[in-house]
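The sequence shown begins at 11 in the numbering used here and counts up one residue at a time.
Worksheet for the structure shown next.
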Amino acid sequence: MALKNIPGILCPDLLWILSAMGHGDELAIVDKNFSACRVSKKTVTGKLVSMNAASATDTIAAILAVMPLDHFVEQPLMHMEDPDQAGTMLPVHADVELLCSTVEKRSIKSRPIERFAYYPLAETCFAVVHTGETRPYGNFILKKGVV
11 MALKNIPGIL
21 CPDLLWILSA
31 MGHGDELAIV
41 DKNFSACRVS
51 KKTVTGKLVS
61 MNAASATDTI
71 AAILAVMPLD
81 HFVEQPLMHM
91 EDPDQAGTML
101 PVHADVELLC
111 STVEKRSIKS
121 RPIERFAYYP
131 LAETCFAVVH
141 TGETRPYGNF
151 ILKKGVV
């Protein structure tokens with residue numbers, strides 16, 4: 011990609027998705043073990059972007075370089091909970107929460123979503139981004155804000 015100030019890991023398909031999303035639209039960022047192909051077919055666009063060489067944090071950092079999180083909702087970030095550790099913030103969740111807070115320059119708290127409740131939420135997203143994240147339950151939903 012040969013554009014200024016665009017993170018190199020953002021492929022053209024993902025840039026189109028981010029640009030086409032409107033305020034309040036949501037994007038699922040999922041880990042290596044997530045059933046991304048099946049879920050993506052039910053999203054608004056039916057699109058799946060594969061970023062299998064990037065972690066969840068690298069992917070989300072690149073997305074947040076060009077897309078703000080929503081200021082009009084209390085929690086524009088959600089994550090899939092580990093069913094064996096409900097209520098526990100896993101390191102992958104804490105890393106993404108800190109990243110979002112740092113980039114947004116405000117406190118962002120991730121809302122935990124029970125594992126089986128996450129799937130239908132992901133299906134209502136604009137699209138799915140399948141990362142190479144290997145840490146379990148590295149699945150997130152970002153709500154787009156106003157540019």
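Yeah, the Cβ is synthetic: ideal placement off N, Cα and C, and Gly gets one too.
- How should P86 be labelled, buried or exposed, when 16 other C-beta atoms within 10 angstroms of its C-beta is the threshold for buried? buried
- Rounded to whole angstroms, what's the CA-CA distance from K154 to Y128? Just pull it up for me. 18 angstroms
- Helix or strand or just coil, what does DSSP make of E36? strand
- Message: Going by DSSP in three states, P78 sits in which element: helix, strand or coil?
- Response: coil
- Message: One question on the structure: do V76 and L28 come within less than 8 angstroms of each other, judged by their Cβ atoms?
- Response: yes
- Message: Pop quiz: S161 and T141 are said to be a contact at Cβ under 8 angstroms. What is the actual Cβ separation, rounded to whole angstroms?
- Response: This structure gives no information on residue 161, because the portion of the chain shown stretches from 11 to 157.
- According to DSSP, what are the bridge partners of F150? I39 and H89
- Item | Helix, strand or coil at R121 [DSSP, three-state] | strand
- Message: Using C-beta distances below 8 angstroms, list every residue in its chain close to A158, excluding the 5 sequence neighbours before and after it, in chain order.
- Response: As shown, the chain starts at 11 and ends at 157. That puts residue 158 outside it, with no answer to give.
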